[in-house]
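Enquirer: Residue numbers (UniProt numbering): 1 to 205. A single structure is presented below for examination.
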């Protein structure tokens, strides 16, 4: 099977980041997608990394991945995205949401060439939360002066459009792509041990 152009890596807890990751991959239209625990290779021209945001912080799994493979990612084209739902989100605020702080924190953890970054909004459904998470969020919202309630700001069109943009950016310089694909054919090391299996997860995070 021919190598794909991109690899979309994600972590997720209740499914929002996983959903956005699939939409981004759909937009790229030439991408594999893996949960961060199932990455077996970095032999791709573009690595897209998606992190959920909990308690105003990125995923610890994503941070650990970026640290562990910092050197392997150093010469890669990268794109970073986050998925979160701030306390005070409204439809009007959603139009201008940038999520810059967490994006910059993630960007600071890598040495690769970040071609683009994007903050997406997620969703919250109380019935999906564990009892502990529900109680924790209710307390956090109360302390911030808000009431916990269901909300859904997932935007399929925006995620697909961003994926298409990444494809355009990743293929803009043919020489970079050609060099990477030549390296693949020569069997160069990626810093990620190859494992048997297709890397698909059975359970949903």
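In this text, a Cβ means the ideal position worked out from N, Cα and C, and glycines have one as well. Just so it is clear, the structure is predicted and the values come from calculations on it, not from any experiment.
Looking only at its chain, what residues have a beta carbon closer than 6 Å to the beta carbon of residue 177, apart from the 5 residues adjacent to it on each side?
Expert: Reliability of the predicted coordinates at residue 177 is poor, the pLDDT of 47 falling under 50, and no value is obtained from them.
Enquirer: Which of helix, strand or coil does DSSP assign to residue 108?
Expert: coil
Enquirer: Which value, in whole angstroms, describes the spacing of the CA atoms of residue 7 and residue 56?
Expert: 26 Å
Enquirer: Residue 115 and residue 77: beta carbons closer than 8 Å?
Expert: Going by C-beta atoms, residue 115 is nearer than 8 Å to residue 77.
Enquirer: Among 95, 149, 128, 70, whose alpha-carbon lies nearest the alpha-carbon of residue 121?
Expert: 95
Enquirer: Entirely within the segment 34-114 and at least 3 residues each: give me those beta strand (DSSP E) ranges in chain order.
Expert: As summarised for the segment 34-114, the continuous beta strand (DSSP E) elements at least 3 residues long and confined to that stretch are 46-54, 77-84, given in chain order.
Enquirer: Quick one: residues in its chain with C-beta nearer than 6 Å to the C-beta of residue 31, no 5 flanking neighbours on either side, listed in chain order?
Expert: 4, 6, 8, 25
Enquirer: From 158, 63, 82, 107, pick the residue whose C-alpha is nearest to that of residue 15; which is it?
Expert: 82
Enquirer: State the DSSP-derived secondary structure class of residue 154, mapped to helix, strand or coil.
Expert: DSSP places residue 154 in coil when its eight states are reduced to three.
Enquirer: Relative to the C-alpha of residue 47, which residue among 54, 135, 58, 65 is closest?
Expert: 65
Enquirer: Residues in its own chain within less than 6 Å of residue 73 by CB, not counting five upstream and five downstream?
Expert: Once the five neighbours on either side are set aside, the close Cβ partners of residue 73 are 110, 112.
Enquirer: Going by DSSP in three states, residue 10 sits in which element: helix, strand or coil?
Expert: Strand at residue 10.
Enquirer: Please check the pair residue 36 and residue 61, which I expect to be a contact at CB under 8 Å, by giving their CB distance rounded to whole angstroms.
Expert: 5 Å
Enquirer: My parser needs the alpha helix (DSSP H) runs of 4 or more residues fully inside the segment 111-146; what are they?
Expert: 131-144
Enquirer: Would the beta-carbon of residue 54 fall within 8 Å of that of residue 13?
Expert: Yes.
Enquirer: So, is residue 126 buried or exposed, given that buried needs 16 or more other C-beta atoms within 10 angstroms?
Expert: Residue environment analysis places residue 126 among the exposed positions, since fewer than 16 neighbouring C-beta atoms fall within 10 angstroms of its C-beta.
Enquirer: Out of 156, 22, 144, which has the shortest C-alpha to C-alpha gap to residue 86?
Expert: 144
Enquirer: How would you label residue 92, buried or exposed, when you count the other beta carbons within 10 angstroms and need 16 or more for buried?
Expert: Per the 10 Å Cβ criterion, exposed.
Enquirer: Have a look at residue 155 and residue 75 and give me their C-alpha separation to the nearest angstrom.
Expert: Distance between the alpha carbons of residue 155 and residue 75: 31 Å.
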